[in-house]
Ligand SMILES: [Zn+2]
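Residue numbers (this note's numbering): -11 to 266.
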């Protein structure tokens, strides 16, 4: 989605012409994904979010932190509405399994945490390396954390909730998860599951950088008082969000990003042994 379309969605949501990702209805209690998302948020923040906060975080998309596309993806996942894994059980055995991984079921969990063809390992490495620049601890990313992300808050070293770091964490997790989902769909559908056409590491790195740089630009666009009035993002909050991730020599001129090339700091080379989601 273009940056302008995302801005338009934000603008419309402010005008209370809520662009809803799906019809709002009360979910039956005992929704498995929802309960697990709550538990994941509890693990990161120490506080269990209420069911309604998970839904409203996806619907309201405060400060434009979660994009319209991610929210729609998460909403559908919480309703177990994606055509993955179980959905195909009695329809198409080929689509039920993930053959390249020899996995019995191609669930969202498999796609986001284990799969060798979805690019998840490369993407989460990039997210973790970017987060390392904040000096804060990284946490293992699970499907449940991705779905409960709207309610997560990040504390700085003094134990105080940091608005900038919370925003950055949400951006990194949601953009990364959504990219993995896109890569999976492109390979499964667009590339017809051809194992010779699995996205290369280079390709994935370029896509991830583009996605994050786009968010950096979007954030600056959202600071426009001219367009958003009192609802504009505060410049200081945007600075607190991206502080450390933007090259030092550009720190004073972050706004150049709106017109210039992205200036995300190149990521450090991988130092850890390869493995699952570490
Ligand atoms: Zn797989």
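For glycine and all other residues, C-beta sits at the position ideal for the given N, C-alpha and C.
Between the alpha carbons of residue 51 and residue 78 lies a gap of roughly 42 Å. Within the DSSP secondary-structure output, residue 86 pairs in a beta bridge with 91. Burial check for residue 20: the Cβ neighbour count within 10 Å stays below 16, so the residue is exposed.
In the three-state reduction of the DSSP assignment, residue 40 falls in the helix class.
Shortest gap from the CB of residue 91 to any heavy atom of ligand 1: under 7 Å.
Taking C-beta separations shorter than 7 Å and ignoring five residues to either side along the sequence, the partners of residue 111 in its chain run 164, 167, 168, 192 and 196, following chain order.
Annotation for residue 98 indicates a beta carbon within 7 Å of some heavy atom of ligand 1. Residue 123 and residue 147 have their C-alpha atoms spaced approximately 14 Å apart. Put simply, the backbone Cα of residue 221 is about 11 Å away from that of residue 227. The distance from the Cβ of residue 99 to that of residue 137 is about 16 Å, inconsistent with a contact at the 8 Å cut-off. In the three-state DSSP reduction, residue 143 falls in the strand class (E or B). At least one heavy atom of ligand 1 lies closer than 7 Å to the C-beta of residue 105. In this structure, residue 42 keeps its C-beta atom at 8 Å or more from the C-beta atom of residue 60. In terms of CA proximity to residue 48, 63 leads the group 63, 201 and 116.
For residue 220, there is no enclosing alpha helix (DSSP H), as DSSP marks it with neither H nor E. Within a 10 Å sphere around the beta-carbon of residue 189 sit fewer than 16 other beta-carbons, which makes this residue exposed. Between residue 28 and residue 132, the CB-CB gap stays under 8 Å.
Sequence-distant Cβ neighbours of residue 202 in its own chain, meaning closer than 7 Å and more than five residues away, are -9. With a contact defined as Cβ atoms closer than 8 Å, residue 139 and residue 212 miss out at about 28 Å. In the DSSP annotation of this structure, the continuous segment of the alpha helix (DSSP H) that includes residue 166 starts and ends at 151 to 173. Within the model, the alpha-carbon separation for residue 33 versus residue 141 is close to 6 Å. In the displayed model, residue 234 falls within a strand according to three-state DSSP. C-alpha of residue 115 to C-alpha of residue 216: approximately 30 Å in a straight line.
Within the same chain, Cβ atoms closer than 7 Å to the Cβ of residue 96 are found at 65, 70, 72 and 131, the five residues on either side in sequence being excluded.
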